[in-house]
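Since the structure comes first, as structure tokens, the remarks are kept for the end.
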Amino acid sequence: MRWPWSGEDEKKRSHSASWIETLETADWSMFTEPRTVIPSVILTITTITALRFYKSYLRRIPSVNHIKPEYFRRRSLFGRVTSVGDADNFRLFHTPGGRIAGWGWVPWKRVPTTKEALAKKTIHIRIAGVDAPELAHWGREAQPYSKEALDWLTEYILNHRVRAYIYRRDQYDRVVAQVVVRRWLIKRDVGLEMLKKGLATVYEAKTGSEFGEFEQQYRDAEERAKQDKVGMWTKPTIIARLRGEQAKSVESPREYKTRHTAAERQKKAG
Numbered sequence: 001m002r003w004p005w006s007g008e009d010e011k012k013r014s015h016s017a018s019w020i021e022t023l024e025t026a027d028w029s030m031f032t033e034p035r036t037v038i039p040s041v042i043l044t045i046t047t048i049t050a051l052r053f054y055k056s057y058l059r060r061i062p063s064v065n066h067i068k069p070e071y072f073r074r075r076s077l078f079g080r081v082t083s084v085g086d087a088d089n090f091r092l093f094h095t096p097g098g099r100i101a102g103w104g105w106v107p108w109k110r111v112p113t114t115k116e117a118l119a120k121k122t123i124h125i126r127i128a129g130v131d132a133p134e135l136a137h138w139g140r141e142a143q144p145y146s147k148e149a150l151d152w153l154t155e156y157i158l159n160h161r162v163r164a165y166i167y168r169r170d171q172y173d174r175v176v177a178q179v180v181v182r183r184w185l186i187k188r189d190v191g192l193e194m195l196k197k198g199l200a201t202v203y204e205a206k207t208g209s210e211f212g213e214f215e216q217q218y219r220d221a222e223e224r225a226k227q228d229k230v231g232m233w234t235k236p237t238i239i240a241r242l243r244g245e246q247a248k249s250v251e252s253p254r255e256y257k258t259r260h261t262a263a264e265r266q267k268k269a270g
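Numbering follows the UniProt record's numbering, in which position 210 of the sequence shown is assigned residue number 210; successive positions increment by one, without gaps.
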């Protein structure tokens with residue numbers, strides 16, 4: 001006696017058997033032929049290479065928290081300066097690939113211009129190897145030439161494209177970097193230019209100093225600025241001296257910070 005559903009089971013077994021027979025009789029050799037293998041390998045390699053290239057060179061880094069540790073001392077960041085907060089640091093909007101990658105002319109690759117749009121999308125850069133005069137803050141008085149240094153840096157790099165050769169992340173979540181800007185088709189080291197103009201000193205902190213390969217070049221530039229009496233190293237003219245104006249000793253930014261820190265500690269202790 002045949003079960004009512006036996007016919008359906010036989011159909012399933014027949015279909016399964018026919019599928020297995022099809023697989024067994026299929027000609028799989030076509031998948032090992034060069035005309036099939038070579039394009040597949042090329043497509044795979046091209047896809048993997050394109051993804052790696054994008055991740056390494058075209059993916060935007062929005063903040064310091066997105067910079068991988070292995071990038072420091074090996075990579076540089078190219079972008080537009082969106083603000084200058086002090087005479088030796090600024091904010092950078094990363095634009096990987098620059099104009100070639102569409103930044104500035106492709107509609108969806110434009111640098112924001114408002115504080116709201118830029119919030120949490122920029123990298124705080126600290127110019128390596130130099131220390132600029134301190135502006136007035138936290139109840140401390142401004143150093144001589146602090147405003148001149150800030151004004152110069154603002155005019156020199158604000159809204160310009162720069163390349164930052166990143167060294168490390170500091171305790172204030174800034175990226176310490178050598179910064180290069182193109183001026184009149186010539187690449188300029190921003191920190192070095194500040195030293196030449198007497199608007200900064202060589203960074204003298206006991207820890208955290210970064211120069212890359214340029215420490216001696218920076219020290220030579222500072223010494224020349226002192227000899228030429230430019231910027232903070234300016235001395236009274238002959239006429240000024242005849243009027244009784246005396247040359248003042250220059251307090252470096254490091255000495256300024258040390259003096260104020262010691263005074264504040266003494267005040268707390270007393």
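Glycine residues also receive a C-beta, built at the ideal position from the N, C-alpha and C atoms.
On a predicted model such as this, the values are computed, not experimentally measured, just so you know.
Per DSSP, what are the beta-bridge partners of residue i in this structure?
{"i": "valine 176", "result": "Arg126, Arg168"}
{"i": "valine 84", "result": "Phe90"}
{"i": "residue 272", "result": "Since the displayed the chain opens at 1 and closes at 270, residue 272 lies outside it and no answer follows."}
{"i": "leucine 77", "result": "Ala164"}
{"i": "isoleucine 186", "result": "Arg183"}
{"i": "arginine 140", "result": "His137"}
Quick check on residue i: buried or exposed, where buried means 16 or more other Cβ atoms within 10 Å of its Cβ?
{"i": "glutamate 210", "result": "buried"}
{"i": "asparagine 89", "result": "buried"}
{"i": "isoleucine 186", "result": "exposed"}
{"i": "arginine 265", "result": "exposed"}
{"i": "leucine 43", "result": "exposed"}
{"i": "alanine 263", "result": "exposed"}
{"i": "proline 39", "result": "exposed"}
{"i": "proline 253", "result": "buried"}
{"i": "proline 133", "result": "buried"}
{"i": "alanine 164", "result": "buried"}
{"i": "tryptophan 184", "result": "exposed"}
Might you give, ordered along the chain, the residues of its own chain that have their beta carbon closer than 8 Å to the beta carbon of residue i, omitting 5 neighbours on each side?
{"i": "alanine 101", "result": "Leu58, Thr95, Lys109"}
{"i": "leucine 195", "result": "Val130, Thr201, Val202, Tyr218, Ala221, Glu222, Ala225"}
{"i": "isoleucine 166", "result": "Ile67, Tyr71, Phe72, Arg73, Arg75, Ser76, Leu77, Val175, Val176, Ala177"}
Report all residues from its chain with a CB closer than 7 Å to the CB of residue i; omit the five preceding and five following residues, and keep chain order.
{"i": "arginine 60", "result": "His94, Pro96"}
{"i": "arginine 168", "result": "Phe72, Val176, Glu210"}
{"i": "lysine 267", "result": "none"}
{"i": "serine 83", "result": "Phe90, Arg91"}
{"i": "tryptophan 5", "result": "Low per-residue confidence applies at tryptophan 5: pLDDT is 49, beneath 50, and the placement is therefore not dependable enough to give any value."}
{"i": "glycine 208", "result": "Asp170"}
{"i": "histidine 260", "result": "Arg140"}
Quick one: what's got a C-beta closer than 6 Å to residue i's C-beta in the same chain, skipping five residues either side?
{"i": "glycine 98", "result": "Phe78"}
{"i": "threonine 258", "result": "none"}
{"i": "leucine 150", "result": "Ala87"}
{"i": "leucine 158", "result": "Val81, Val84"}
{"i": "leucine 135", "result": "Ala142, Ser146"}
{"i": "glutamate 155", "result": "none"}
- State whether the region 136-144 contacts the region 176-195, with contact taken as three or more CB pairs (one from each stretch) at a distance under 8 Å. no
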